[in-house]
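In our numbering, the protein residues as written are 1452 to 1686.
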């Protein structure tokens, strides 16, 4: 593995961690429990982006890593602690490395032969984005049912990505039921954010494009070949 992508990716991931810790340490007016949930989501998505960048040279890895870094620095700026300024300095250098020409030859340039599409990708990545959405919605305090919704979404996302039928039915049934329950027990305006996210997720799961991952495509089998029986002559 080249040292340049490794150094850029590690710097960006480290700066994201510093900014996330700075945000949790001084997250007012967001409750600290909600800040921890947001941190879990940002670090999880950044870890997935780092793996995509370094292991499979995916172009989306650099942009998702840059997005997570920018989001963590923006959230950390609410407190303005000394750790925030450190993360801002390190993160600025990492952003330059991510968007600059140094990764052009590293990331994969040729397009994928068959893309999944926006809907399957959104459902597969819903598990790592759920903590951020739920954490922002429950800004005044996280309860057990908020974590339960994150867990249900994570299981549905993982099983859907594995091609297991439970995943798509989890998005169709389990996530909407849990999401509506959590939204009814969440303060406004966070409840509206949860309802919008749940409706969008359920609508995507019921679409035809979502079945591409779990659909079992069986090619037509050729007709059985006729066997020729040779009759031997008794001598």
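Even glycine gets a Cβ: it sits at the ideal position worked out from N, Cα and C.
Every value quoted in this text rests on a predicted model; they were computed, and no experiment measured them.
If you keep only unbroken alpha helix (DSSP H) runs of at least 4 residues inside the segment 1570-1633, you get 1577-1588, 1595-1612, 1616-1620. Only buried fits residue 1583, as 16 or more other CB atoms lie within 10 angstroms of its CB. With a cutoff of 8 Å on beta-carbon distance, residue 1541 and residue 1462 are scored as near each other.
Annotation: the continuous alpha helix (DSSP H) that includes residue 1647 extends over 1641-1656. Annotated as proximal: residue 1476 and residue 1534, with beta-carbon spacing under 8 Å. Note on residue 1559: under 16 other CB atoms within 10 angstroms of its CB, so exposed under the neighbour-count rule. Around the beta carbon of residue 1597, 16 or more other beta carbons lie within 10 angstroms, which makes this residue buried.
With 16 or more other Cβ atoms inside 10 Å of its own Cβ, residue 1456 counts as buried. Distance from the CA atom of residue 1518 to the CA atom of residue 1587, rounded to whole angstroms, is 17 Å.
Annotation: residue 1488 to residue 1467 spans about 15 Å, alpha carbon to alpha carbon. Residue range 1510-1527 is occupied by the alpha helix (DSSP H) that includes residue 1510. The Cβ neighbour count for residue 1628, taken over all protein chains shown within 10 Å, is under 16; the residue is labelled exposed. Looking at 1589, 1543, 1633, 1495, the one whose alpha-carbon comes closest to that of residue 1515 is 1495.
Rounded to the nearest whole angstrom, the C-alpha separation of residue 1469 and residue 1548 is 18 Å. Here residue 1552 carries a helix assignment [DSSP, helix/strand/coil]. CA-CA distance, residue 1546 to residue 1570, rounds to 28 Å.
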